[in-house]
């Protein structure tokens, strides 16, 4: 038997997604569930980052994960192996999740007793940035192989994120034109409040800072 | 003075994009201009691939390039340096180009005497796959760092492409879980007619096959 459900979300009936997102945020606050919306390009390392994050935190918080994709179940299957509650959301071809689609996932996952829920959004730097999911915080992953010019080309995504993980730092040896200082400067130019953390989900490099960011954010949310 | 124009395309007035795409394809056929729609995730190497492609072919065909992005002009500036005609298209936040937006670019670029025009679409594996641009052929780039599971997650993109370049093969040494045979099998499962070519735009590895694909396709188009 599969250790995760697969659900097909329906298109939203709400015209005002921002108002609906605020409602969902309030519902989650009442049940003290912190929802992190995790976004990136395809293949930037969202699932690998999540697996390592879960290993670091599952002893101290109750965690759930919603994996959104156009198709396939590979991510939910990978997450379910870590032992936390996981579901796969299929978007029916949609390029992003909005608040109502997120709520459909939340309902299926069952989050009342969960402390920390991650929504792994569809891999896409454009559309997910335009739709508030109702999350408590937004995080994105930019991977080194994508290049340090991405904040120039996809500015909205970098503007709406509370934290940016620059992942695959173990490959800086082969991507030697990627400039860490320059990418940080470009992100902070767009969003001076963003936290920028350099990591490698493969080796664990830099993960202390990321795990600490989650602990601090969840603690502040509940205080 | 800049060696390229920057234009802001307007949203389409046509309800039926497929019919409009067929019209544009016919217009391009009459003027014997081959239009290649080049798609990929952000940072898969579209511009670097194009620069090397132009160097290989600019002595034998008249080439033009339309660079589409949400923001920035870095790609058009890079292409203009190769000496071919280039424009930057800003999509006003849109996540893809449709046929009418492509036509607006074609008009600004001026393509009547051009043999081979490339539209570098917005970096996105979801939305551009849903909109026929009116191109003669569709190409996509999947880069090794993105992982060999992408055909499972973004099947439509792989289904609509005539050719798939698997780029950044020079980094297989660090991405040692990427299986070339497996990715090819997954692509061909979705799209048995696709040509799959393994390349590195950085080192030039595999480019002979790609350049030959373009020469053959343009020749067939004009015969």
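Residue numbers (my numbering), protein chains in the order written: chain Z, 1 to 223; chain H, 1001 to 1223. By construction, the Cβ of each residue, glycine as well, lies at the ideal position given by its N, Cα and C atoms.
(message) Using a Cβ-Cβ cutoff of less than 6 angstroms, which residues in the same chain neighbour residue 1114 (chain H) once the five nearest sequence positions on both sides are dropped?
(response) Counting only Cβ-Cβ distances below 6 angstroms, and skipping sequence neighbours, we find 1033, 1062, 1064.
(request) Would you decide whether residue 1067 (chain H) is buried or exposed? Buried here means 16 or more other CB atoms lie within 10 Å of its CB. (result) Taking all protein chains in view, the Cβ of residue 1067 (chain H) is crowded by 16 or more other Cβ atoms within 10 Å, so the residue is classified as buried.
(message) Which residue wins for smallest C-alpha separation from residue 182 (chain Z), given the options Z:109, Z:80, Z:150?
(response) Comparing Cα positions, the closest option is Z:150.
(request) Could you check if residue 1088 (chain H) is buried or exposed, using at least 16 other CB atoms within 10 Å of its CB as the buried criterion? (result) Result: buried.
(message) Give me the subset of the region 121-147 of chain Z whose CB atoms are less than 9 angstroms from a CB atom of chain H, sorted by chain position.
(response) Using a CB distance below 9 angstroms, the part of the region 121-147 of chain Z facing chain H consists of 122, 123, 124, 125, 126, 127, 130, 142, 143, 144, 145, 146, 147, ordered along the chain.
(message) Within 9 angstroms of any Cβ in chain H, is that where the Cβ of residue 65 (chain Z) sits?
(response) For residue 65 (chain Z), the answer is no, since every Cβ of chain H falls outside 9 angstroms of its Cβ.
(request) Output, in chain order, the set of chain Z residues within a Cβ distance shorter than 8 angstroms of residue 1074 (chain H). (result) What residue 1074 (chain H) touches in chain Z: 149, 152, 153.
(request) Check each candidate in H:1175, H:1195, H:1050 and name the one with the smallest Cα separation from residue 1162 (chain H). (result) The shortest C-alpha separation from residue 1162 (chain H) is found at H:1195.
(message) For a test of the three-state rule: what should DSSP assign to residue 138 (chain Z), helix, strand or coil?
(response) Reduced to three states, the DSSP call for residue 138 (chain Z) is strand.
(request) Could you check which residue in H:1050, H:1024, H:1038, H:1098 has the C-alpha nearest to that of residue 1078 (chain H)? (result) Among H:1050, H:1024, H:1038, H:1098, the Cα nearest to that of residue 1078 (chain H) is on H:1050.
(message) Residues of chain H with CB closer than 8 angstroms to the CB of residue 95 (chain Z), please, in chain order.
(response) Taking a Cβ-Cβ cut-off of 8 angstroms, the neighbours of residue 95 (chain Z) in chain H comprise 1095, 1124, 1126, 1127, given in sequence order.
(message) Going by DSSP in three states, residue 92 (chain Z) sits in which element: helix, strand or coil?
(response) Three-state result, residue 92 (chain Z): coil.
(message) Considering only the alpha carbon of each residue, which of Z:154, Z:37, Z:202, Z:134 lies closest to residue 126 (chain Z)?
(response) Shortest Cα-Cα distance from residue 126 (chain Z) to any of Z:154, Z:37, Z:202, Z:134 involves Z:154.
(request) Determine the contact status of residue 1096 (chain H) and residue 1146 (chain H), defining contact as a CB-CB distance below 9 angstroms. (result) Judged by beta-carbon spacing, residue 1146 (chain H) lies beyond the 9 angstroms limit of residue 1096 (chain H), meaning their Cβ atoms are not closer than that value.
(request) Report yes if the CB atom of residue 1057 (chain H) is closer than 9 angstroms to the CB atom of residue 1215 (chain H), and no otherwise. (result) For the pair residue 1057 (chain H) and residue 1215 (chain H), the CB atoms are nearer than the 9 angstroms cut-off.
(message) Does the region 93-113 of chain Z come into contact with the region 7-25 of chain Z, if we say contact requires no fewer than three beta-carbon pairs (one atom in each stretch) closer than 8 angstroms?
(response) The answer is yes - the region 7-25 of chain Z touches the region 93-113 of chain Z, with three or more Cβ pairs under 8 angstroms.
(message) So for residue 7 (chain Z), helix, strand or coil by DSSP?
(response) Strand, per DSSP.
(message) Tell me the DSSP secondary structure of residue 1070 (chain H) in three-state form.
(response) Reduced to three states, the DSSP call for residue 1070 (chain H) is coil.
(request) Give the interface partners of residue 1071 (chain H) over in chain Z, defined as CB-CB distance under 9 angstroms, in chain order. (result) Residues of chain Z passing the Cβ test: 152, 153, 154, 155, 156.
(message) Is there a Cβ of chain Z sitting closer than 9 angstroms to that of residue 1041 (chain H), yes or no?
(response) Taking CB atoms only, residue 1041 (chain H) has a neighbour in chain Z less than 9 angstroms away.
(message) Measuring CB atoms only, is the region 1041-1048 of chain H touching the region 1130-1145 of chain H, in the sense that at least three cross pairs come out at less than 8 angstroms?
(response) Touching, yes, given that three or more Cβ pairs across the two stretches are closer than 8 angstroms.
(request) Tell me, to the nearest whole angstrom, how far the beta carbon of residue 80 (chain Z) is from that of residue 3 (chain Z); I am working on the premise that it is less than 8 angstroms. (result) Beta-carbon to beta-carbon, residue 80 (chain Z) and residue 3 (chain Z) are separated by about 4 angstroms, close enough to satisfy the 8 angstroms threshold.
(request) Using a Cβ cut-off of 9 angstroms (strictly closer), state whether residue 33 (chain Z) contacts chain H. (result) For residue 33 (chain Z), the answer is no, since every Cβ of chain H falls outside 9 angstroms of its Cβ.
(request) Since I believe residue 1188 (chain H) is in contact with residue 1159 (chain H) (beta carbons under 8 angstroms), could you give me their beta-carbon distance rounded to a whole number of angstroms? (result) Not confirmed; about 11 angstroms, so no contact.
(message) I want to see whether chain H comes within less than 9 angstroms of residue 81 (chain Z), judged by CB atoms only; does it?
(response) Cβ-Cβ to chain H under 9 angstroms: no for residue 81 (chain Z).
(request) Quickly, what does DSSP pair residue 1039 (chain H) with across the bridge? List them, please. (result) Residue 1039 (chain H) is bridged to H:1140.
(request) Kindly list, in the order they appear in chain Z, the residues whose Cβ is closer than 8 angstroms to that of residue 1180 (chain H). (result) Neighbours of residue 1180 (chain H) on chain Z: none; closest Cβ ~16 angstroms, over 8 angstroms.
(request) Use the C-beta contact count for residue 203 (chain Z): other C-beta atoms within 10 angstroms, 16 or more gives buried, fewer gives exposed. (result) Under the 10 Å beta carbon count, residue 203 (chain Z) is surrounded by fewer than 16 other beta carbons and is classified as exposed.
(request) Would you mind stating whether residue 167 (chain Z) and residue 39 (chain Z) have Cβ atoms separated by less than 9 angstroms? (result) Result no, Cβ atoms of residue 167 (chain Z) and residue 39 (chain Z) do not sit closer than 9 angstroms.
(request) Identify each residue in the region 158-188 of chain Z for which the Cβ-Cβ distance to at least one residue of chain H is less than 9 angstroms, and report them in chain order. (result) For the region 158-188 of chain Z, which is checked against every Cβ of chain H, the residues closer than 9 angstroms are 168, 170, 171, 173, 174, 175.
(message) Does residue 1092 (chain H) pass the burial test, meaning 16 or more other C-beta atoms within 10 Å, or should it be called exposed?
(response) Classification for residue 1092 (chain H): exposed.
(request) Use the C-beta contact count for residue 201 (chain Z): other C-beta atoms within 10 angstroms, 16 or more gives buried, fewer gives exposed. (result) With 16 or more Cβ atoms within 10 Å of its Cβ, residue 201 (chain Z) is classed as buried.
(message) Considering only their Cβ atoms, is the gap separating residue 1053 (chain H) from residue 1211 (chain H) smaller than 9 angstroms?
(response) The Cβ-Cβ distance between residue 1211 (chain H) and residue 1053 (chain H) falls below 9 angstroms.
(request) Take the Cβ of residue 135 (chain Z) as the centre, count every other Cβ of all protein chains shown within 10 Å, and call the residue buried at 16 or more, exposed below. (result) Buried, since its Cβ has 16 or more Cβ neighbours within 10 Å.
(message) Check this for me: beta carbons of residue 1169 (chain H) and residue 174 (chain Z), under 9 angstroms apart or not?
(response) In this structure, the beta-carbon distance from residue 1169 (chain H) to residue 174 (chain Z) does not fall below 9 angstroms.
(request) Could you give the DSSP three-state label for residue 44 (chain Z): helix, strand or coil? (result) Residue state, collapsed to three classes: coil.
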